[in-house]
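S.K.: Here full-length UniProt numbering is used: position 47 in the sequence shown is 47, and no number is missing along the way. Here a beta-carbon is modelled for each residue, glycine too, at the ideal position from N, C-alpha and C. If you scroll down you'll find the structure; I have some questions about it.
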Amino acid sequence: MAAREAARTAVKNVRPILSIDSSEAKKRALNLYKAWYRQMPYVVMDYDIPKTVPQLRQKLREEFEKNKHITDIRVIDMLVIKLFVNCQLSQQLA
1 MAAREAARTA VKNVRPILSI DSSEAKKRAL NLYKAWYRQM PYVVMDYDIP KTVPQLRQKL
61 REEFEKNKHI TDIRVIDMLV IKLFVNCQLS QQLA
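Here's what the structure looks like:
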């Protein structure tokens with residue numbers, strides 16, 4: 001019983017990773033989307049992907065929309081961090 005109360009208290013006191021509120025998390029996700037959107041022509045060129053840029057941009061949009069129901073700021077921040085690192089790696093490997 002005491003462990004359950006401690007867990008509830010810990011969950012309430014956990015701070016977000018990057019964003020302070022949902023509007024900041026939304027702004028970070030939108031900026032990441034724009035960065036990937038701009039990077040698509042280079043990804044196609046550098047990795048010789050047999051898809052067109054519009055096809056990849058459509059897939060990018062689908063992937064972002066797949067996660068649009070997420071409201072927990074910490075989860076949004078973790079997804080943004082993962083995709084940001086992938087974007088940085090694709091730029092460095094090119």
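Is DSSP giving Ile81 helix, strand or coil here?
M.R.: DSSP places Ile81 in helix when its eight states are reduced to three.
S.K.: Hey, is the region 32-45 in contact with the region 55-64, meaning 3+ C-beta pairs nearer than 8 angstroms?
M.R.: At 8 angstroms Cβ cutoff, the stretches touch.
S.K.: Go through its chain and collect everything with a Cβ distance to Tyr47's Cβ below 6 angstroms, but skip five positions before and after it.
M.R.: Correct list: empty, nothing qualifies.
S.K.: Give me, in chain order, the residues of the same chain whose beta-carbon lies closer than 6 angstroms to that of Pro41; leave out the 5 immediate sequence neighbours on both sides.
M.R.: Closer than 6 angstroms at the Cβ level, and outside the excluded window around Pro41, lie Val53.
S.K.: Measure the alpha-carbon distance for Ala29 versus Val43 and round it to whole angstroms.
M.R.: Between Ala29 and Val43, the C-alpha separation is close to 20 angstroms.
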